Amino acid sequence: MLVLIDKKGRKHLVDEKIEEYHSNYGVLDLTNVKSGDVLETHLGHKFYCVKADLLDYYERLPRAGSIILKKDLGAIIANCGIGSGSRVVDAGTGTGATAIFLANIVGKEGKIYTYELREDHIKIARNNFESAGLDDVVESKLGDVREGIEESEIDAVIFDLPDPWLAVDKAYNALRIGGYVAVYNPYIEQIRKAYIAMEEAGFKELRAIELLERGFEIKEVGTRHRTRNIGHTAYLAFGRKYNQNI
Numbered sequence: 078m079l080v081l082i083d084k085k086g087r088k089h090l091v092d093e094k095i096e097e098y099h100s101n102y103g104v105l106d107l108t109n110v111k112s113g114d115v116l117e118t119h120l121g122h123k124f125y126c127v128k129a130d131l132l133d134y135y136e137r138l139p140r141a142g143s144i145i146l147k148k149d150l151g152a153i154i155a156n157c158g159i160g161s162g163s164r165v166v167d168a169g170t171g172t173g174a175t176a177i178f179l180a181n182i183v184g185k186e187g188k189i190y191t192y193e194l195r196e197d198h199i200k201i202a203r204n205n206f207e208s209a210g211l212d213d214v215v216e217s218k219l220g221d222v223r224e225g226i227e228e229s230e231i232d233a234v235i236f237d238l239p240d241p242w243l244a245v246d247k248a249y250n251a252l253r254i255g256g257y258v259a260v261y262n263p264y265i266e267q268i269r270k271a272y273i274a275m276e277e278a279g280f281k282e283l284r285a286i287e288l289l290e291r292g293f294e295i296k297e298v299g300t301r302h303r304t305r306n307i308g309h310t311a312y313l314a315f316g317r318k319y320n321q322n323i
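In the numbering used here, the protein residues as written are 78 to 323.
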């Protein structure tokens, strides 16, 4: 995939196999184009071309609903010790944004098992996995984690569900000793219920947090907070599985 950046800084994600790209600025000839090229449409408008990376794809991902934002995904990855070779259950596929981000982290040696209740979302997600070149790392499943998780000795389970407390015990059973559970939810009441359920299931190292991101405008005249910032997105809760004998 390629990213074409117009004069206003807007990004256009395109398949590098196509020969022409049509936009309001005119037609671009993409024959033999490579990263770093400056292209000009037949109307005289210029585009800068770079090879797309995961972040470019994530930002332009075809979707059917809201996704976990980067600031929260980073916290989940860091607080669950997810890295190369990790095996992770993603409960609540949506259209695959979280699974794609995680798959890029765990790499070919790891595996993402992602569960979803809606067939239409799974169809979109599978297309997204293939487009991102990560379909061999992600295994998508039509299923309800509240009824059980098929995998065992998992490194981390991530819940992006309206009622995660109903599946916390299933996460405990699926995790290896020392594995982590993470809950993402926009409502504090749901996080409270999940936190209590995690405690009752035997999870330790429990914590609940919220992350706020504040951007800055840096100009010659001075520096100030951006007028429009990312405010509340969600609350996060984490827990770790210990040996029950402790």
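We treat Cβ as the ideally placed atom computed from N, Cα and C, and that holds for glycine. The structure presented is a predicted model; accordingly, all values stated were derived computationally and were not measured.
For Y102, same chain residues with a beta-carbon under 7 Å away, outside a window of 5 residues either side, are D83, T118, L120, H122 in chain order. Inclusion of A311 and N262 in the CB contact set at 8 Å is warranted, their separation being smaller than that value. Rounded to whole angstroms, F293 and A278 show a C-alpha spacing of 42 Å. Uninterrupted alpha helix (DSSP H) stretches at least 4 residues long and entirely within the stretch 229-286 occur at 245-251, 265-278, given in chain order. If you ignore the 5 residues before and after Q321, its C-beta comes within less than 8 Å of the C-beta of G279, all in its own chain and listed in chain order. H89 sits in a strand when the DSSP states are folded into three classes. In this structure, the straight-line span from the alpha carbon of E136 to that of L179 is close to 15 Å. With a minimum length of 3 residues, the unbroken runs of beta strand (DSSP E) contained wholly in the stretch 116-192 fall at 123-128, 164-168. When the alpha-carbon of S100 is set against those of R87, V110, T108, K94, the nearest one is in R87. The residue among K296, D240, L288 with its C-alpha nearest the C-alpha of R269 is D240.
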